[in-house]
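The sequence shown begins at 8 in the working numbering and counts up by one.
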Amino acid sequence: QQLDNSNIGSSGSGNGLGMVDLDADGRANAVDRDSDGDGIPDVIEVFGADTNNDAIIDGFVDANLDGLHDSYINASGLLRTGADVTNDGRADSYPNKNFDNDGRANPYDLDSDADGIVDAIEAGFADSNFNGFEDGAIGTDGWSNTIRSRPAPLSLLNSDGLGRPNYLDIDSDGDGIPDNIEGQSTAGYRFPTYTDSDNDGLDNAYDLAPHTATFSGAGILLYDRDMDGTPDYIDLDSDSDGQSDIKEGNDWNLNGAADEILTPTGIDTDGDGLDDRFDLINSTTNLKGTSIYMGTSGSMTGDPSPGTRATVQRTLASGGCAFERDWRCVSFVLPISHLQLTAAESNNAVVLKWTIISSRNLNIFEIERSTDNVSYEKIATQSAAVRLDQLENFAGNDNIAGINSELVYYRIKVIAQDGQAKYSNVVLVRKGKTVAAFSVMPNPANDNASVRFYTEKETIVSISIRDFTGKLVYSQKAKALKGNNVLPLTNLSKYSDGVYHVQLMIDHDVQSAKLIIQN
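Listed below in structure tokens is the structure:
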């Protein structure tokens, strides 16, 4: 037993220095390589090096045999407590390696970024019994054998590929809508209480029975609006309507138009994972993922001092959802069976051509232009009189001699007579160069096809195929190089004959095309 200078004390007594075993795995924290049982080794949670995935600091040297790595002692220790001003033998605070600045440093915190989602889930591990602990069998050192067997170095989920992994990121997919909001359903939304009665690092709002008084908890039960297997908090298009969440959740002036500058700055001053474009509280001591218009049970009365600029608005226009928000509202998009835009540039003259098949009476086409593929401006309108259910062709022109950008993006906004709207695919024009428009070839296809597209930088793209019911039948991620790209679609013959929707996501841009499979 570990005693204080009063010769008394046991674990949990408040008086002594008892050997605490937070995750109750039979290994006291002092000899447990994963003290909170989330599957992430303690050494990783304090930002130590462990390139061979053995949960031990790399290059351990102990020349003086004191049990400490010679490079990490005293002031250079990887995890230091706060002061003991009261001189009771217990630290008064734990300010270091404590991402959310609560009562527990990261290795002893089930929710290190205080977004309500437990670290085990955000790291990409399994927690099927919803207790906050990784599911794998525990080894004699207190660490999961399942995670131990993974390739080295240990890879932790980092959905936006920026900064820190998801468990230390309050906006894991980088769309400006924090994980605390996207992790919950709209109707089931609960504010954090900013209290933690059982001191496990999980806010009381998300630490429900039977875990309210123990070091354990389910946290937020993740919501997946489009049921595509990717929960909303790491899904860039949560409702699969072809419009990215960053656009549908950030109408800051609530005018129903995409006229905000939404390009992430790439700067995160306080390091919380929320880009400065959206972060209203740049503070290392106050992590907040709330919105002014997201309140309890989905009410529009949100946090008067929100952490994000995202409004997660509900556009009450004809065809909009009566309760659900735009970034989760599929019916807000005008149903059109075919809409495809192409563009060609020569000597600063751009010719735009688009084809459409609609079963609804249309009002106008709005031609929109952008130089960053985020903020678009309307540059022209055209009458959209169409014959119903027939292929129609339209064209427009734009002079870009005065545009001070090498890259110019276009899209068509189709507006029906009842106010519903739908956007076309986005096309890119590069001054003086030929750019591959997004297309699927051959089309119709039998067993194999190719997706052709252009990216302005090296990035990871996502390709998905859905059948006519909206069911996801194919999904892959691939590395794309700067410039024109061609990616293969294989084994298509295993799908039934019919019309399928191919969706390409490049960063926050979603492009769609139809694919006909004929075996």
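We treat Cβ as the ideally placed atom computed from N, Cα and C, and that holds for glycine.
Predicted model, so just to flag it, every value in this text is computed and none were measured.
- Excluding the 5 residues flanking it on each side, residue 487 has same chain C-beta neighbours closer than 6 Å at 462, 466, 468, in chain order.
- From the listed residues 32, 391, 129, the smallest Cα separation to residue 346 is found for 391.
- Counting the other Cβ atoms within 10 Å of the Cβ of residue 145 gives 16 or more, which makes it buried.
- Across the set 458, 423, 330, 337, the C-alpha of 330 shows the shortest separation from the C-alpha of residue 195.
- About 22 Å separates the Cβ atoms of residue 226 and residue 243, ruling out a contact at the 8 Å cut-off.
- By the beta-carbon neighbour count (other beta carbons within 10 angstroms, threshold 16), residue 295 is buried.
- According to the DSSP assignment, residue 252 belongs to the alpha helix (DSSP H) that extends over 252-255.
- The continuous alpha helix (DSSP H) containing residue 49 extends over residues 49-52.
- Setting aside the 5 residues that flank it on each side, residue 480 is surrounded in the same chain by 472, 473, 474, 502, each with a C-beta closer than 7 Å to its C-beta; the list follows chain order.
- Taking 8 Å as the cut-off, the beta carbon of residue 374 is found no closer than this to the beta carbon of residue 229.
- Residue 39 has no beta-bridge partner at all, per DSSP.
- Remark: C-beta atoms of residue 174 and residue 246 do not approach each other more closely than 8 Å.
- Apart from the 5 residues on each side of it in sequence, residue 447 sits with its Cβ closer than 6 Å to the Cβ of 456, 458, 509, 520, 522 in its chain, given in chain order.
- Apart from the 5 residues on each side of it in sequence, residue 89 sits with its Cβ closer than 7 Å to the Cβ of 98, 99, 100, 101, 102 in its chain, given in chain order.
- The C-beta separation of residue 359 from residue 403 comes to about 5 Å, placing the pair in contact by the 8 Å criterion.
- Nearest to residue 334 by alpha-carbon distance, out of 127, 113, 231, is 231.
- DSSP places residue 160 outside both helix and strand once states are collapsed to three, so it counts as coil.
- In the pairwise beta carbon analysis, the region 376-390 is classified as touching the region 403-423: at least three pairs are separated by under 8 Å.
- Scanning the region 401-464 for uninterrupted beta strand (DSSP E) segments of 3 residues or longer gives 414-423, 428-430, 434-437, 446-448, 456-462, listed from N- to C-terminal end.
- The beta carbons of residue 317 and residue 257 sit closer together than 8 Å.
- Contact check between the region 268-286 and the region 177-196: three or more CB pairs, one atom from each, fall below 8 Å, which counts as touching.
- Annotation: residue 36 to residue 148 spans about 10 Å, alpha carbon to alpha carbon.
- The alpha-carbon of residue 213 is positioned some 39 Å away from that of residue 78.
- Between the alpha carbons of residue 154 and residue 297 lies a gap of roughly 33 Å.
- If you check the CB distance, residue 417 and residue 348 come in under 8 Å.
- Leaving aside the five residues that flank residue 368 on each side, the residues in its chain whose CB is nearer than 7 Å to its CB run, in chain order, 423, 424.
- Contact between residue 59 and residue 220 fails: their C-beta atoms lie close to 38 Å from each other, not under 8 Å.
- By the criterion of a C-beta distance shorter than 6 Å, residue 264 is surrounded by no residue of its chain, once the five residues flanking it on both sides are discounted.
- Contact annotation: residue 255 and residue 382 have beta-carbon atoms that are not nearer than 8 Å.
- Restricting attention to beta strand (DSSP E) runs no shorter than 3 residues, the region 80-113 encloses none.
- For residue 128, the CB contacts under 8 Å within the same chain, skipping 5 residues up- and downstream, are 134, 226, 229 in chain order.
- The shortest C-alpha to C-alpha distance from residue 460 to any of 483, 433, 492 is the one to 492.
- Counting C-beta atoms within 10 angstroms of its own C-beta, residue 251 has 16 or more neighbours from the protein chains shown and is therefore classed as buried.
- For residue 384, the enclosing beta strand (DSSP E) stretches over residues 384-390.
- When only Cα atoms are considered, residue 156 and residue 350 end up about 50 Å apart.
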